[in-house]
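Each remark here refers to the structure printed beneath this line.
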Amino acid sequence: MSYSAIILAAGDGKRMKSSKPKVMCEVLGDPMLGWVIDSVRGAGISEENTGVIVGNGAETVKQYLAGLGSFRTFMQTERKGTGHAVMQAQEMLADGDNVLVLCGDAPFIDSDIITAALNEHVHCGNDVTVITADLPDPAAYGRIVRDANGEFSGIVEKKDCSLVELGITEVNSGVYWFRAEALKAALPKLAAENAAGEYYLTDTIGIIRESGGKAGTFTAEDTDIVLGANSRSDLLQLNIIAKMRVMAKLMDEGVEFVSTDGIIIGRNVEVGRDTLILPGTILRGDTVIGESCVIGPNTLLENCTVGSGVTLNSVQGYDSRICDRVKAGPFVQLRPGTVLHDGVKIGDFVEIKNSEIGVNTAVSHLAYLGDSDVGKGVNFGCGCVTANYDGVSKFRTKIGDNAFIGCNTNLIAPVEVGENATTAAGSTITKDVPPNSLAIERGETAIKENWEKNFKRKRKA
Ligand code: UD1
Ligand code: CA
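Terminal number for the sequence shown in the numbering used here: 948, no gaps in between.
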């Protein structure tokens, strides 16, 4: 017996009022669809056995999926409901398989629950097992209806509920395990006879039971797993819940927060113990932070690796590596390809791009370093700039260990400054500077004595 999954991701998401497909709306910086895919993977279902139904914004969704792996996609040209969506993936329904169906707009479904529900499904010999949860406020979720004996008899959408059914608090998560043959036999019997005029996947429960099949439920203790986003306000709620979950997990691991204000940490971010995260900090993508750092306030890191004992205050860093005991900020931008080695100090209003900065080097104020290889112990005065671009091509600047780059030096790349060399303040360096030497490239000071008396006063008169 093997397992496959069908993720429904074609919906219009009208209530979201977005030009993006709903499943691409983000929770903690990742599209909801990405969360669902991670859970399917976590439950051990391979990419080849996972089909995604696409429709609204299909190209955007397909492009995103291509970046994640080799998933199969099925086009649902007209959106006629969740049952109609599954019909598009008929070829995924191989005899003997069990098929997991999930919604791409409910990101908190969890691998362990998927696996536990499968065990129950197989153990009970069910044709369909619906994952449910008991919500004090059942909102717009489909209600789980049971007969007088407490046996599961079907799912009724809110729009179609009687007053009594509206009061049911057990709801449909939108995640189901089906025996493939049972689902295949039920799909052609679906009718769009309901308030929305759609082919509801939820109607397969009644159809399976009528044909003598067995339907069961698996109730998840963690009620968050059902939460989906149909509107912007739902999406904000999901973000708030996810943020608090990530922060709780990090606190368990020894990370310190003194406030939750403006802190958004992606679910795959790792942070070491005794690191303090201050307000306004956003950590995204594959960011890893070491121990005993102070990150923030107002710091954004995306795909960055940060060592231990690092202080980052008002820093924006992208695809960069920051080693131990680096101090940066405030108001620093680290663009992709930046490597700051141990003990580097970066001060206010400094931008660094695609450059490697050696151990204990200091770039303390108002500087731009692009496409540069800088050695150890180098000191940059205020206002230094590497001119890496001549309008056509980009070139590198090389600076040896312990060089001293005077204030307002322009380094016109390609150019090299040797070890222990010094550039005089205000120089525009266009030629390589040998080690241990001083380079001055500026006009000499001209003194006009008594200029005030002889020139300025005469003019005023
Ligand atoms: C659905 C369930 C409801 C359940 C809830 C859980 C039905 C009829 N209702 O309601 O019982 O409590 O999910 O979140 O199934 N989609 C398509 N093609 C379509 C329509 C929808 O791919 O033609 C996709 C959507 O992109 C979405 C998912 O299916 O990811 C669910 O559709 P949605 O319209 O959001 O259903 P709900 O009203 O939330
Ligand atoms: Ca939904």
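A virtual CB, placed ideally from N, CA and C, is assigned to each residue, including glycine.
All figures in this text were calculated on a predicted structure; none of them were measured in a lab.
Among Thr768, Asp773, Ala492, Gly777, the one whose alpha carbon lies nearest that of Arg760
For the set Thr768, Asp773, Ala492, Gly777, the Cα lying nearest the Cα of Arg760 is the one of Gly777.
Any idea if Cys780 is buried or exposed, counting beta-carbon neighbours within 10 angstroms, 16 or more meaning buried?
Buried, because 16 or more other Cβ atoms sit within 10 Å of the Cβ of Cys780.
Range of the contiguous beta strand (DSSP E) that encloses Leu856:
849–857 is the span of the beta strand (DSSP E), which, as asked, contains Leu856.
Which residue wins for smallest C-alpha separation from Thr774, given the options Leu763, Ile782, Pro784, Val793?
Sorting Leu763, Ile782, Pro784, Val793 by C-alpha distance to the C-alpha of Thr774 places Val793 at the top.
Beta-carbon within less than 8 Å of Asp919's beta-carbon, same chain only, minus the 5 sequence neighbours each way: which residues are those?
Correct list, in chain order: Val902, Glu903, Val904, Gly905.
Can Asn717 be considered in contact with ligand 2, in the sense that its beta carbon sits closer than 6 Å to one or more heavy atoms?
Yes, since a heavy atom of ligand 2 falls inside the 6 Å radius drawn around the Cβ of Asn717.
I'd like to confirm something about Thr689: is its beta-carbon nearer than 6 Å to some heavy atom of ligand 1, or not?
For Thr689, the distance from the CB to the nearest heavy atom of ligand 1 is below 6 Å.
Nearest candidate by alpha-carbon position, reference Asn790, set Asn536, Cys871, Leu650, Leu770
Distance check between Asn790 and each of Asn536, Cys871, Leu650, Leu770 places Leu770 closest, using alpha-carbon atoms only.
With respect to the alpha helix (DSSP H) encompassing Asp525, which residues constitute its N-terminal and C-terminal limits?
Per DSSP, the continuous alpha helix (DSSP H) segment holding Asp525 begins and ends at 519–529.
When the cut-off is 7 Å and only beta carbons count, does Glu906 lie next to chain C?
Absent from the structure is chain C; it holds one protein chain and no more.
Can you name the start and end residues of the beta strand (DSSP E) that Lys840 belongs to?
Annotation: the continuous beta strand (DSSP E) that includes Lys840 extends over 832–840.
For Thr798, which three-state DSSP category applies?
Three-state DSSP puts Thr798 in a strand.
Do Asp592 and ligand 2 come close, with the Cβ less than 6 Å from some heavy atom?
Yes, ligand 2 has a heavy atom inside 6 Å of this Cβ.
Val539 vs Ile601 beta-carbon contact at 7 Å:
No, they are not a contact pair.
Going by beta carbon distance, what residues of the same chain come within less than 8 Å of Lys549, once the five residues before and after it are set aside?
Once the five neighbours on either side are set aside, the close Cβ partners of Lys549 are Val541, Thr560.
Span of the beta strand (DSSP E) holding Ala496?
Segment 490–496, the beta strand (DSSP E) holding Ala496.
Rounded to whole angstroms, how far is the Cβ of Ala854 from the Cβ of Lys832, which I believe are closer than 8 Å?
Not confirmed; about 12 Å, so no contact.
Tell me the DSSP secondary structure of Ser598 in three-state form.
Secondary structure of Ser598 (DSSP, three-state): helix.
Closer than 6 Å by C-beta to Val733: which residues in its own chain qualify, once you throw out the five before and the five after it? Chain order, please.
Excluding the 5 residues flanking it on each side, Val733 has same chain C-beta neighbours closer than 6 Å at Ile752, Arg754, in chain order.
Beta-carbon gap between Thr917 and Ile899 smaller than 7 Å
Yes.
Complete runs of the alpha helix (DSSP H) confined to the segment 553–588 [at least 4 residues]:
With a minimum length of 4 residues, the continuous alpha helix (DSSP H) runs that stay inside the segment 553–588 are 569–574.
Any heavy atom of ligand 1 closer than 6 Å to the Cβ of Thr747?
No, ligand 1 has no heavy atom inside 6 Å of this Cβ.
Less than 7 Å between the C-beta atoms of Gly591 and Val643, yes or no?
For the pair Gly591 and Val643, the CB atoms are not nearer than the 7 Å cut-off.
What are the boundary residues of the alpha helix (DSSP H) that Val651 is part of?
Counting along the chain, the alpha helix (DSSP H) containing Val651 begins and ends at 650–653.
Which residues share a DSSP beta bridge with Phe891?
DSSP, once it has assigned bridges, lists Asn866, Thr909 as partnering Phe891.
Short of 6 Å in beta carbon distance, which residues of its chain neighbour Val742, apart from the five on each side in sequence? Order them along the chain.
Cβ-Cβ distances below 6 Å link Val742 to Val758, Thr762 in the same chain, with the five nearest sequence neighbours on each side left out; the list follows chain order.
Which residues in the same chain have their Cβ closer than 8 Å to the Cβ of Thr564, if we skip the five residues on either side of it in sequence?
Only Gly542 meet the Cβ criterion.
By Cβ distance, which residues of its chain are closer than 6 Å to Glu843, with the 5 residues on each side in sequence left out?
When the five nearest sequence neighbours on each side are left out, the beta carbons in the same chain lying within less than 6 Å of the beta carbon of Glu843 are those of Val826, Asp860, in order along the chain.
Report whether the distance from the Cβ of Tyr628 to the nearest heavy atom of ligand 1 is below 6 Å.
Yes; taking the cut-off as 6 Å, the Cβ of Tyr628 has a heavy atom of ligand 1 nearer than that.
Going along the chain, which residues of its own chain have a beta-carbon closer than 8 Å to the beta-carbon of Val889, five neighbours each way excluded?
Note that residue 889 is Asn in the sequence shown here, rather than Val. A distance below 8 Å between beta-carbons, with the five flanking residues on each side excluded, links Asn889 to the following residues of its chain, in chain order: Gly862, Lys863, Gly864, Val865, Glu906, Asn907.
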